[in-house]
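Structure, as structure tokens:
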Amino acid sequence: MFDKDDEHLANQFIYLPLVRKVLERDLHFLRNAKLKFNEPYIDFVEQVIIQIGKDLGQVKKEMFQRRLSVYNQGKVGELSVYLFVCKGYRREVRLFPHLMKQSVEEYVRKYFNVMKKNA
1 MFDKDDEHLA NQFIYLPLVR KVLERDLHFL RNAKLKFNEP YIDFVEQVII QIGKDLGQVK
61 KEMFQRRLSV YNQGKVGELS VYLFVCKGYR REVRLFPHLM KQSVEEYVRK YFNVMKKNA
């Protein structure tokens, strides 16, 4: 059976790599931008990417301890399909692209706010 913690971990496992990919792409644009002060922005985004990597490592560790796996099943039409497996229980999750984009943006905002508070 899946509890809220399992579902939260599975969602983090799906979204954190997407967030990191978006920020790495944005970092590329920042490096090539004609800003007056590029370095503060670049440093900030790099720190966020590092933190996401640490958090993703922790998520994977917790998933292993809980015997939770997430498998990307590909796309069905526009939907992204994932299979959650936990202690023998299986659950298929279908995610809408616009909701995934919203979730990625929420994660980016969350990480920016956390890093801003720690600065």
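Using the UniProt record's numbering, read the sequence shown as starting at 1 and increasing by one per residue. All C-beta atoms in this analysis are idealised placements derived from N, C-alpha and C, irrespective of residue type, glycine included.
Hey, out of Phe112, Phe13, Phe2, His28, whose CA is closest to Lys61's CA?
-> As a position in the sequence shown, residue 61 is number 61, starting the count at 1. Nearest to Lys61 by C-alpha distance, out of Phe112, Phe13, Phe2, His28, is Phe13.
Per-residue DSSP class, three states only, for Phe37 = Translated into positions along the sequence shown, residue 37 becomes position 37. If DSSP states are grouped into helix, strand and coil, Phe37 belongs with coil.
Ile52: buried (16+ other C-beta within 10 angstroms of its C-beta) or exposed?
-> For the purposes of this step, residue 52 is taken as the residue at position 52 of the sequence shown. Around the beta carbon of Ile52, 16 or more other beta carbons lie within 10 angstroms, which makes this residue buried.
Span of the alpha helix (DSSP H) around Arg90 | Residue numbering aside, residue 90 sits at position 90 when the sequence shown is read from its first letter. First-last for Arg90: 89-95, but that is the beta strand (DSSP E), not the alpha helix (DSSP H).
Does the pairing of the segment 18-30 with the segment 90-98 give three or more beta-carbon distances under 8 Å?
-> Contact fails: fewer than three Cβ-Cβ distances are below 8 Å.
Compute the Euclidean distance between the alpha carbons of Tyr111 and Ala10, then round it to the nearest angstrom.
-> The residue you call residue 111 lines up with position 111 of the sequence shown. The residue you call residue 10 lines up with position 10 of the sequence shown. Distance between the alpha carbons of Tyr111 and Ala10 is about 18 Å.
If you follow the beta strand (DSSP E) that Phe84 is part of, which residue opens it and which one closes it?
-> In the sequence shown, counting from the first residue as 1, residue 84 sits at position 84. Following the DSSP letters along the chain, one finds Phe84 inside the beta strand (DSSP E) bounded by residues 79-86.
Host alpha helix (DSSP H) of Arg25 (start-end) | Sequence index remark: in the sequence shown, residue 25 carries index 25 (1-based). Annotation: the continuous alpha helix (DSSP H) that includes Arg25 extends over 4-32.
Beta-ladder partner(s) of Gly74, from DSSP = Here residue 74 refers to the residue found at position 74 when the sequence shown is read from its first residue. Answer is Val81.
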